[in-house]
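Participant: There's a structure below that I have some questions on.
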Amino acid sequence: TAPGCCFPLKKIFMRRLVEGRRRGASKRRSSARVLETLVDELKTEASIDSFYFNGFDSQGNAAILRLCRRRKLTEVWLVLRLEGVGALSLPIHPCTAAPAPPHGAAAGVGAAGLRFEMLEPCRRWRVSFAGALRKPSGELVHCAFEFFWAAATDAFDSDASAHS
1324 TAPGCCFPLK KIFMRRLVEG RRRGASKRRS SARVLETLVD ELKTEASIDS
1374 FYFNGFDSQG NAAILRLCRR RKLTEVWLVL RLEGVGALSL PIHPCTAAPA
1424 PPHGAAAGVG AAGLRFEMLE PCRRWRVSFA GALRKPSGEL VHCAFEFFWA
1474 AATDAFDSDA SAHS
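As structure tokens, then:
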């Protein structure tokens, strides 16, 4: 179909809107400390505060870890792949919703036994877990781990970088 009579105006408007956002995005670069600040109050039901870590080693062991805070619940991903054991996951998996802990209950952010604590903004975090995980056979095993995650790349500021 042919564009309507307002198409040239809409095109100019959208081009200026995108160019304005690109210019503004370069001014919005956030410091590492600001990027790593916990959102105190999730203002709407759609608000999220999300953290994602993954890691692997040369033996095939891997971890996929995510906490996504919402107003009344926290989405939790925890998959730990261990050579000779298989993929361990939370007992609630494939459901990922866990009750949100009271805000400020402990340092960092956490739910369902998984906790992330910032040590150096955008560079180093302590990642810990204590609780039950499910083996591929369905058997539940108690697991506890604590490791330090170090960034291999610069932080990605989605508010600024997505528009540039």
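For the sequence shown, position 158 matches number 1481 in my numbering, and the numbering has no gaps at all. Ideal placement from N, C-alpha and C gives every residue a C-beta, glycine not left out. For clarity, every value in this text was computed on a predicted model and none was experimentally measured.
From the DSSP output, in three-state form, read off R1393 for me.
Facilitator: The residue given as residue 1393 occupies position 70 in the sequence shown. In this structure, R1393 counts as coil in the three-state DSSP scheme.
Participant: On a CA-only basis, which of A1453, T1476, S1460 and L1463 is nearest F1470? Give me that one, please.
Facilitator: Locating residue 1470 in the sequence shown gives position 147, where the first residue counts as 1. Nearest option by C-alpha distance: A1453.
Participant: Quick one, which of L1413, G1433, C1418 and Q1382 has its alpha-carbon nearest L1390's?
Facilitator: Within the sequence shown, the letter at position 67 stands for residue 1390. Looking at the Cα atoms, G1433 is the closest of the given residues.
Participant: On the DSSP bridge assignment, give the partners of R1449 in chain order.
Facilitator: For the purposes of this step, residue 1449 is identified with residue 126 of the sequence shown, where counting begins at 1. Answer by DSSP bridge pairing, in chain order: E1440 and F1471.
Participant: Alpha carbon to alpha carbon, how far is K1334 from L1340? Give it in angstroms, no decimals.
Facilitator: Taking the sequence shown and counting its residues from 1, one reaches residue 1340 at position 17. Taking the sequence shown and counting its residues from 1, one reaches residue 1334 at position 11. Using only the alpha carbons, I get a separation of about 10 Å.
Participant: Let me know the secondary structure DSSP gives G1327 once reduced to three states.
Facilitator: The count along the sequence shown starts at 1 and reaches residue 1327 at position 4. In the structure shown, G1327 sits in coil (DSSP, three-state: anything other than H, G, I, E or B).
Participant: So for E1406, helix, strand or coil by DSSP?
Facilitator: Translated into the one-based positions of the sequence shown, residue 1406 becomes position 83. Note: E1406 maps to coil in three-state DSSP.
Participant: Near C1467, what residues of its chain come up, given a Cβ to Cβ distance below 7 Å and the 5 sequence neighbours on each side ignored?
Facilitator: Counting from one through the sequence shown, the residue named residue 1467 turns up at place 144. For clarity, residue 1467 is Ala in the given sequence; the question names Cys instead. Taken in chain order, the residues that qualify are F1452 and A1453.
Participant: Would you grab the beta carbon distance between L1456 and L1403 for me? Rounded to a whole angstrom, and I think it's under 8 Å.
Facilitator: Numbered from 1 along the sequence shown, position 133 holds the residue referred to as residue 1456. Numbered from 1 along the sequence shown, position 80 holds the residue referred to as residue 1403. Their Cβ separation, rounded to whole angstroms, is 7 Å, which keeps L1456 and L1403 in contact under 8 Å.
Participant: Assign S1487 to one of three DSSP states: helix, strand, or coil.
Facilitator: Counted from its first residue, the sequence shown places residue 1487 at position 164. Here S1487 scores only 47 on pLDDT, less than 50, and its place in the model should not be relied on; the value that follows carries that caveat. It is coil, neither helix nor strand.
Participant: With a 10 Å radius around its C-beta and 16 neighbouring C-beta atoms as the bar for buried, classify L1463 as buried or exposed.
Facilitator: The residue labelled residue 1463 in the question sits at position 140 within the sequence shown. Classification for L1463: exposed.
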